[in-house]
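J.: If you're matching them up, the sequences are chains V and W in order.
In this text, residue positions in the first sequence follow the numbering used here: the first is 674, and each later residue adds one.
In this text, residue positions in the second sequence follow the numbering used here: the first is 1028, and each later residue adds one.
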Amino acid sequence: DTEVTQTPKHLVMGMTNKKSLKCEQHMGHRAMYWYKQKAKKPPELMFVYSYEKLSINESVPSRFSPECPNSSLLNLHLHALQPEDSALYLCASSPLAGGTETQYFGPGTRLLVL
Amino acid sequence: LAKTTQPISMDSYEGQEVNITCSHNNIATNDYITWYQQFPSQGPRFIIQGYKTKVTNEVASLFIPADRKSSTLSLPRVSLSDTAVYYCLVGDLSGGYQKVTFGTGTKLQVIP
């Protein structure tokens, strides 16, 4: 299984809502990532987890809260988002954090904040 | 992190070989060069990675000159399904974590 799955595929939320994005991989990878991608722009790194510990936070606002419950799961909790947070949220994983391993990306969650 | 520069867009006819060049003038000794492909509304997909000289796999070749300040992704005999955005990434993969920054990407349009 070389797949990273993300749920939901689409999400519409109001600025006062709380929602969560979920990412799962069963490749035994120990590094997992969240990226944000706006239309016609490259993906921007948000968070990196290595061995279930947060190793990189790219100065992301606190309304985005990542969580790595175990080595296969990565969540992104959303609260009090702004319309400008509307984007494609991509999850990725790699065998290790470091080395020459490839990042495997999921299909993304398309988020619309109203 | 080394910054990358790529052409914004390219057009090619089906069946032709396409070469996309990426400039990374301040690449560091430990940096590898990686290329990803992204279709609309999908996550990026790894194509190829290299450190120096030439790397070839079943879908592409990567040419890296001796000074490593640029690299060229070569796609042989493109088809319509190769229409996508291609990203060149340069990052330090030998540290405690893998951190790379996506460049602006090259939008390849394959024409029938």
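Even for Gly, the Cβ is constructed at its ideal location relative to N, Cα and C.
Taking buried to mean at least 16 other C-beta atoms within 10 Å of its own C-beta, is W/Thr-1133 buried or exposed?
T.: Counting Cβ neighbours within 10 Å, W/Thr-1133 comes out buried, since at least 16 surround it.
J.: State yes or no: is the beta carbon of W/Arg-1072 nearer than 8 angstroms to at least one beta carbon in chain V?
T.: For W/Arg-1072, the answer is yes, since a Cβ of chain V falls inside 8 angstroms of its Cβ.
J.: Against chain W, with Cβ distances strictly below 8 angstroms, would V/Gly-701 count as a contact?
T.: V/Gly-701 does not count as touching chain W.
J.: Output the distance between the C-alpha atoms of W/Val-1117 and W/Phe-1090, rounded to the nearest integer angstrom.
T.: Cα to Cα, the separation comes out at about 14 angstroms.
J.: Helix, strand or coil for W/Asp-1155? Go by DSSP, reduced to three states.
T.: What the structure shows of chain W is the stretch from 1028 to 1139, and residue 1155 of chain W is not part of that stretch, so it cannot be assessed.
J.: With a CB to CB cut of under 8 angstroms and the five nearest residues on each side skipped, what residues in its chain are close to V/Glu-731?
T.: Glu-717, Leu-718, Met-719, Phe-720, listed in sequence order.
J.: Could you please tell me which residues of the stretch 1031-1065 of chain W, in chain order, have their CB closer than 7 angstroms to any CB of chain V?
T.: Those would be Tyr-1059, in chain order.
J.: Could you spell out the range, first to last residue, of the beta strand (DSSP E) harbouring V/Pro-739?
T.: First-last of the beta strand (DSSP E) with V/Pro-739: 737-743.
J.: Give the interface partners of W/Gly-1130 over in chain V, defined as CB-CB distance under 7 angstroms, in chain order.
T.: Within 7 angstroms Cβ-Cβ: Pro-715.
J.: Thinking C-beta only, is V/Ala-753 closer than 8 angstroms to V/Lys-709?
T.: Not closer than 8 angstroms, so no.
J.: Just the C-alpha distance for V/Asn-690 and V/Leu-751, rounded to the nearest angstrom, thanks.
T.: V/Asn-690 and V/Leu-751: Cα-Cα distance of roughly 8 angstroms.
J.: Going straight from the alpha carbon of W/Thr-1083 to that of V/Pro-756, what length do you get?
T.: Rounded to the nearest angstrom, the two C-alpha atoms are 43 angstroms apart.
J.: Measuring alpha carbon to alpha carbon, tell me which residue in W/Phe-1066, W/Gly-1077, W/Lys-1096 is nearest W/Tyr-1113.
T.: It is W/Phe-1066.
J.: Just confirm the distance between the C-beta atoms of W/Phe-1073 and V/Thr-678, as a whole number of angstroms; I'd bet it's less than 8 angstroms.
T.: No, W/Phe-1073 and V/Thr-678 are not in contact; Cβ-Cβ is about 17 angstroms, not under 8 angstroms.
J.: Kindly list the residues whose CB is nearer than 6 angstroms to the CB of V/Val-733, restricted to its own chain and excluding five residues on each side of it in sequence; keep chain order.
T.: Around V/Val-733: Met-719.
J.: Got a sec: is the Cβ-Cβ distance from W/Gln-1069 to anything in chain V below 8 angstroms?
T.: Judged by the 8 angstroms Cβ criterion, W/Gln-1069 is in contact with chain V.
J.: Starting from V/Asn-748, follow the beta strand (DSSP E) in both directions and report where the run begins and ends.
T.: From DSSP, the beta strand (DSSP E) with V/Asn-748 extends over 746-752.
J.: Report the rounded CA-to-CA distance for W/Thr-1080 versus V/Arg-783, giving the unit in angstroms.
T.: About 39 angstroms.
J.: In the DSSP output, what is W/Arg-1072 paired with across the bridge?
T.: Its beta-bridge partners are W/Gln-1064.
J.: If you measure from the beta carbon of V/Leu-763 to each beta carbon in chain W, is any gap under 8 angstroms?
T.: At least one chain W Cβ lies under 8 angstroms of V/Leu-763.
J.: If you measure from the beta carbon of W/Tyr-1114 to each beta carbon in chain V, is any gap under 8 angstroms?
T.: For W/Tyr-1114, the answer is yes, since a Cβ of chain V falls inside 8 angstroms of its Cβ.
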